[in-house]
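In the working numbering, the protein residues as written are 144 to 744.
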């Protein structure tokens, strides 16, 4: 038998290999044909059109993945992997053929077992196709199969047509669906860059790419960190689009985004992108419920706890999301009562090393504390008031006094106003924390914004009680209010300062203190000069202040001895009621004779 036998034995494996290759090609062709046939037939379905659209999206994804495959060269296990892949092909073809019988049932002529049965069968079909897509993705991810062609479509230039953009984006999604690890990294990076640079890309992804949002959502939990980060960046851009933000919610993006935040393995860049996505999604309060339902509150508070000392954009973004969530009453109550949000935020407002994180924590405390009374009480009991008052001291800033630390003090004042002064509560704790000393100091600040916030706080405090007015008089508010009245160009600030001064001198002890300084009395009278045709609101409060001063003999003497007392007479002559009453209190005709004597000099 010799040489002939050897040739026959060598030919047998080659023949088997050729036969196996033919079988593989036949299985692939049958699967592709079955998918194409079902896609075409499904277009005639009139019942449950949205479900059929989802099914077609999955079929197209399968077709794209199967149409362009090859076994990597030099793969020793190629035959074994082809055998496993052939099983997938057979299953896909069988599923597509079985699904054909659902088409006539969806054409409205007859329902088989009825609409409920048809709905259930379509759901089962969609779930089965999802499983086949997942199997195909696993095969490609393992490197067992790769795309036979890897032509790179160039990115369209500026001003490109929508068709050019659509072609480019669809090619990127084809690579994301079936490419190897490196191809997916490159495609994800190119997609996120295109989305950032061209608004048309956002619309194309949401509207023109089959299951485009679904592909990105699936990549949010992709094991490769670079792919995940780029997918998060792409989703973040889409979340910034008012027109297509809802597509992410419908596509199920919230749950995987929250899991990225909650994962101990995710990179900080991925977590920052995930927090930005939630910031944008929760601009719509309806989405706040979905974030909370998927554990978002706990995940975000854990970020504030674990990264709070270093602060940074991650913590700031987490606080912004929590602030959006706190806008929903029920979620805010959960944050306070069950999630332990308040102690985390108080700690963050104290220990964060950068101002931005402290500011975000303070603003969130204010948002929580300005809600219902129980939330406000929880904020106060955790020491938030004392923490905020300490933040007003420049020596306690994380940086040297600057525009940044001024912003911290401004936000702290606004937070105190929201928690303690609107309406007035916990003022005893404010006084015990030396809040009045801080406010007096800030009234002298050259930063007009900060000065205005301090003035607003003083204005509110004047309306709380007589005891607080006395304390404010003792703390030195009255001279500072007079100085501010003389220096401020803002009508609103002048009015608040004048009203606050009027409220303080309505208290006997403060009046007695005020008239001891000739200069302050003279400056008030000077500001009553006829600068305007009609008295301004600030001037009316100043007249009321002078009226209070006339309640004592010492006050009347100081007024009559001032060189600016003539301003009162001029106002009285123009029939300003308060000025006429003051003149009458001061002695009427006697005062007029004094005026005339002064004017003759």
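Beta carbons: idealized from backbone N, C-alpha and C, even for Gly.
Note that the C-beta distance between residue 604 and residue 553 is not below 7 Å. The segment 421-432 makes no contact with the segment 450-458, as fewer than three CB pairs between them are under 8 Å.
Exclusion of the five residues before and after residue 607 leaves 567 and 570 as the residues of its chain whose Cβ lies within less than 7 Å of its Cβ. Under the criterion of beta carbons closer than 8 Å, residue 602 and residue 648 do not qualify as touching, at roughly 15 Å. Taken in chain order, the unbroken stretches of alpha helix (DSSP H) that lie wholly in the segment 649-708 and span 4 residues or more are 651-657, 661-669, 680-692 and 696-703. Between residue 345 and residue 381, the gap from beta carbon to beta carbon is short of 7 Å.
In this structure residue 466 is in contact with residue 510, their Cβ atoms being roughly 5 Å apart against a cut-off of 8 Å. Cβ contact annotation for residue 330 (same chain, cutoff 7 Å, sequence separation greater than five): 315, 318, 319 and 322, in chain order.
Here DSSP, grouped into helix, strand and coil, assigns residue 564 to strand. Apart from the 5 residues on each side of it in sequence, residue 413 sits with its Cβ closer than 8 Å to the Cβ of 368, 371, 372, 375 and 403 in its chain, given in chain order. In the DSSP assignment, residue 599 falls within the unbroken alpha helix (DSSP H) covering 591-604.
In this chain, the alpha helix (DSSP H) harbouring residue 614 covers 609-618. In the DSSP annotation of this structure, residue 190 is not part of any alpha helix (DSSP H), being labelled neither H nor E. Residue 652 sits close to residue 613, with the two beta carbons spaced by under 7 Å. Taking the Cα of residue 485 as reference, the smallest distance to any Cα among 500, 250, 504 and 494 is reached at 504. The continuous alpha helix (DSSP H) containing residue 343 extends over residues 342-350.
When only Cα atoms are considered, residue 564 and residue 522 end up about 14 Å apart. Residue 623 sits in a helix when the DSSP states are folded into three classes. Under the DSSP assignment, residue 575 falls in the alpha helix (DSSP H) whose first and last residues are 570-575. Here residue 720 carries a helix assignment [DSSP, helix/strand/coil]. Taking residue 181 as the centre and dropping the five residues before and after it, the same chain places the C-beta of 202, 239, 242 and 243 closer than 7 Å to its C-beta, in chain order. If you draw a straight line from the Cα of residue 526 to the Cα of residue 535, it comes to about 15 Å. Taking the CA atoms as reference points, residue 684 sits about 18 Å from residue 600. Collapsing the DSSP output to three states places residue 365 in coil. In the structure shown, residue 250 falls within a coil segment according to DSSP collapsed to helix, strand and coil. Taking C-beta atoms under 8 Å as the contact rule, residue 668 and residue 710 qualify, at a distance of about 6 Å.
Non-local beta-carbon contacts of residue 666 in its own chain, meaning distances under 7 Å to residues more than five positions away in sequence, involve 625 and 629 in chain order.
The DSSP-derived three-state label of residue 495 is coil. From the listed residues 354, 468 and 659, the smallest Cα separation to residue 393 is found for 354. Here residue 185 is buried. Its C-beta has 16 or more other C-beta atoms within 10 Å.
The beta carbon of residue 339 sits closer than 6 Å to those of 380, all from its chain and outside the five residues before and after it, given in chain order.
By the neighbour-count definition (other C-beta atoms within 10 Å, threshold 16), residue 712 is a buried residue. The beta carbon of residue 728 sits closer than 6 Å to the beta carbons of 693 from its chain, once the five residues preceding and following it are set aside; these are given in chain order. Per DSSP, the continuous alpha helix (DSSP H) segment holding residue 428 begins and ends at 428-436. Boundaries of the alpha helix (DSSP H) harbouring residue 529: 527-533, taken from the DSSP string.
Rounded to whole angstroms, the separation of the alpha carbons of residue 176 and residue 308 is 29 Å.
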